[in-house]
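Residue numbering for the sequence shown follows the numbering used here, starting at 730 and increasing by one per position.
Think of the CB as a built atom: it goes at the ideal place given N, C-alpha and C, for glycine as much as any other residue.
Note that the coordinates shown come from a computational prediction; the quantities given were computed from them, not determined experimentally.
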Amino acid sequence: MNKRIRALAVALAILAVGAYAKDKPSTPIKPKRDEVVFIVKVRTQPSLPVDFLRGYVKESKRGEQPTTAYAALYSKNSFFGYLGHEIGALNEFGYFAVKPNKERTFAFPAIKILALNVSDLSIMVPLNTELTVPEGVTHVYLGSFVFRYSDVYFTPSEIVRLDEFDEVKAELTAAFGDDFNLIRAPLKEASLE
730 MNKRIRALAV ALAILAVGAY AKDKPSTPIK PKRDEVVFIV KVRTQPSLPV
780 DFLRGYVKES KRGEQPTTAY AALYSKNSFF GYLGHEIGAL NEFGYFAVKP
830 NKERTFAFPA IKILALNVSD LSIMVPLNTE LTVPEGVTHV YLGSFVFRYS
880 DVYFTPSEIV RLDEFDEVKA ELTAAFGDDF NLIRAPLKEA SLE
């Protein structure tokens, strides 16, 4: 009986994640009841050599797939743990919603970049951060992250967090007027708990 309940919970979680994937991540969204919307942008410097990388993708998967970024962000102590939320194409703001736990604490350990949206061509950008979202906040701007790499193996040379808060606020105002409560994410280094 317990295994059936757990299997049902996992199936529902997969369906819920699939429902979010249908929305365009670059479109501002309003949170549902008991949700928080996170906003993030990802860039690479130099830009990824997608024409070169396309040669390493099966012909059946070749096409004009955009390079896509995913945020590993989840409520701390969550049953489901490490979920990847689609941020969307590089150099665009991505919006995704997450239901907080009672403490409203979140872990944000990494960003994953899929060159040509192919998992075999992925780059993990470690962040190892966490944050607490105050009650009443509907939107949280995580930052604009620039991943700088030094060689053909995408060895990280620097990860920079830029502040484009005013641009995010302008996008939300254009979409919703004044009907949102936006903050900058108070990111801090994650504890070892």
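Option nearest residue i by Cα separation, candidates the options
i: Val765; options: Lys831, Leu819 and Val869; result: Val869
i: Glu889; options: Ser873, Pro829 and Ala836; result: Reading the sequence as shown, one finds Val at residue 889 and not Glu. Here the closest residue by C-alpha is Ser873.
i: Ala800; options: Lys790, Ser807, Asn806 and Ile816; result: Ile816
i: Glu859; options: Leu871, Asp895, Val779 and Val866; result: Leu871
i: Ala919; options: Val866, Thr834, Asp895 and Thr867; result: Thr834
i: Pro885; options: Ala904, Pro775 and Thr902; result: Pro775
i: Pro863; options: Asn806, Asp849 and Asn910; result: Asn910
i: Ala836; options: Leu802, Ala818 and Lys828; result: Leu802
i: Ile912; options: Asp880, Gly865 and Ser804; result: Gly865
i: Ile840; options: Ala818, Ser848 and Gly813; result: Gly813
i: Glu893; options: Asp908, Ala914, Lys805 and Gly906; result: Ala914
Simplified DSSP state of residue i, which is helix, strand or coil
i: Arg833; result: coil
i: Ala750; result: With a pLDDT of 42 at Ala750, under the threshold of 50, the modelled position of that residue is not reliable, and the figure given next carries that caveat. If DSSP states are grouped into helix, strand and coil, Ala750 belongs with the helices.
i: Lys917; result: strand
i: Tyr878; result: strand
i: Arg762; result: coil
i: Asn910; result: coil
i: Thr861; result: strand
i: Thr773; result: strand
i: Val779; result: helix
i: Val869; result: strand
i: Lys898; result: helix
i: Lys828; result: coil
i: Phe767; result: strand
i: Lys790; result: helix
i: Ser807; result: coil
i: Ser755; result: coil
i: Leu819; result: coil
Residue i CB to nearest heavy atom of the ligand ZN below 7 Å
i: Gly906; result: In terms of ligand content, the structure shown is empty, and the ligand ZN therefore cannot be addressed.
Contact under 8 Å by Cβ, residue i with residue j
i: Val854; j: Phe876; result: yes
i: Val852; j: Phe883; result: According to the sequence provided, residue 852 is Ile. The question's Val does not apply to it. Against a cut-off of 8 Å, the Cβ pair of Phe883 and Ile852 comes out as a contact.
i: Thr773; j: Asn846; result: no
i: Leu850; j: Leu782; result: yes
i: Ala844; j: Val769; result: no
CB-CB length for residue i against residue j, believed under 8 Å
i: Asn857; j: Pro838; result: 6 Å
i: Ile842; j: Val771; result: 7 Å
i: Pro757; j: Glu900; result: 6 Å
i: Lys828; j: Asp763; result: 6 Å
i: Pro760; j: Thr867; result: 5 Å
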